[in-house]
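These notes are about the structure you will find just below.
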Amino acid sequence: MSELLKIAICEDETDQRNILIKSLDESNIKNTYSIFANGEDLLADFKQGEYDLILMDIYMGSELTGVETIKLIRKKDKDVPVAFVTTSKDHALESYRLSAMKYIEKPYSKESIEDILHLALLKKNDVPALFVQRNGACERVPFANIIYMEQQMHKVFICLKNEDSFSVYDKLSKLKDQLPENGFFVPHKSFAVNLSYVMYIDMDLRCFVMENKINIPIRREFLIMAKKALEDFLFERTRGLMK
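Heads up: the sequence shown is residues 31 to 273, going by my numbering.
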């Protein structure tokens, strides 16, 4: 199965940006990219979990430097891989503190970009995920991004935290077999819920109240089990056994 990397390029110099684009277009690793001329535009567009890699120029002719931009990005997404591209090593220590996976000096080679893509692909493949068939291809959906799944006729609706929710032609009864034993609960034949996004259980209405204000029904016979599952999950998370 060939994975597709989703990449954000943040570079204000047209010639350098074109070098990056050429390297990505010629790469053996499948990728798609969005282009930003400054940190402000990237921040305005950025959603947690949307990108598998950010290629970030440090020195840009805008109010925010690359380092300042990534500091703000880290408040939204502490895990997204970042590679700084720059003309100087002056910010190497700062990039390390921001958990950058790579620091590349210009002019950079096609090989150096390919190395970054391989690292990003390894990191992406290391994240536990649900595999679904979508638009004729196998797509990977990290479990951590799923709020809940719902069977709707012949489709399964997958609600994601970054609002890019979608539906696939499949059966929830089949997809739920991929879910981890801890962290998800099936309160009804039509729903699977990520307990990370549950605010509380409304015992009177018999439903999970989710962070996005959606109520997920719980079958009467599952109500006590649901309450215990949520309590156990929260207890384990406070002990640091779950993320």
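All residues carry an ideal CB built from backbone N, CA and C; glycine is no exception.
Buried versus exposed, by CB contacts within 10 Å (16 or more), residue i
i: L235; result: exposed
i: M31; result: Residue placement at M31 cannot be trusted, given a pLDDT of 42 that sits under 50; what the coordinates show is reported in the next sentence. By the neighbour-count rule (16 or more Cβ atoms within 10 Å), M31 is not buried but exposed.
i: T116; result: buried
i: Y178; result: buried
i: A256; result: buried
i: M229; result: exposed
i: D45; result: exposed
Heavy atom of the ligand COA within 7 Å of residue i beta-carbon
i: D145; result: This structure simply doesn't include the ligand COA, nor any ligand for that matter.
For residue i, the first and last residue of its enclosing beta strand (DSSP E)
i: L149; result: No beta strand (DSSP E) holds L149; the alpha helix (DSSP H) holding it covers 140–155.
i: D87; result: 83–87
i: T99; result: Looking at the DSSP string, T99 is not in any beta strand (DSSP E); the run it does join, the alpha helix (DSSP H), is 96–106.
i: M240; result: 237–240
i: A167; result: 167–172
i: E196; result: Here residue 196 is Phe; the residue named in the question, Glu, does not match the sequence. Its beta strand (DSSP E) spans residues 196–199.
i: V248; result: In the sequence under discussion, the amino acid at residue 248 is Ile, which differs from the Val named in the question. That residue, I248, is in no beta strand (DSSP E); it is neither H nor E in DSSP.
Chain-order list of residues whose beta-carbon lies under 6 Å from that of residue i (same chain, five-residue window excluded)
i: I143; result: S53
i: P158; result: F173
i: K77; result: N192
i: R249; result: H218
Bridge partners - residue i, DSSP secondary structure assignment
i: M179; result: I188, A222
i: I134; result: V115
i: I37; result: Y63, L83
i: Y227; result: DSSP output for Y227 lists no bridge partner at all.
i: F214; result: N224
Residue i vs residue j beta-carbon contact at 8 Å
i: K185; j: E33; result: no
i: N61; j: L94; result: no
i: K136; j: Y81; result: no
i: Q182; j: S197; result: yes
i: I84; j: V112; result: yes
i: N212; j: F263; result: yes
i: D47; j: I39; result: The sequence given here places Arg at residue 47; Asp does not occur at that position. Against a cut-off of 8 Å, the Cβ pair of I39 and R47 comes out as a contact.
Same chain, Cβ closer than 8 Å to residue i, five either side skipped, listed in chain order
i: S195; result: F187, I188, C189
i: M233; result: L253, K257
Residues near residue i by beta carbon distance below 7 Å, same chain, minus five either side
i: L102; result: L73
i: A222; result: Y178, M179, L202, K206, L209, F214, V216
i: K106; result: F76, Q78
First through last residue of the alpha helix (DSSP H) which encompasses residue i
i: K204; result: 202–205
i: A159; result: First-last for A159: 159–164, but that is the beta strand (DSSP E), not the alpha helix (DSSP H).
i: S53; result: 44–55
i: D75; result: 69–75
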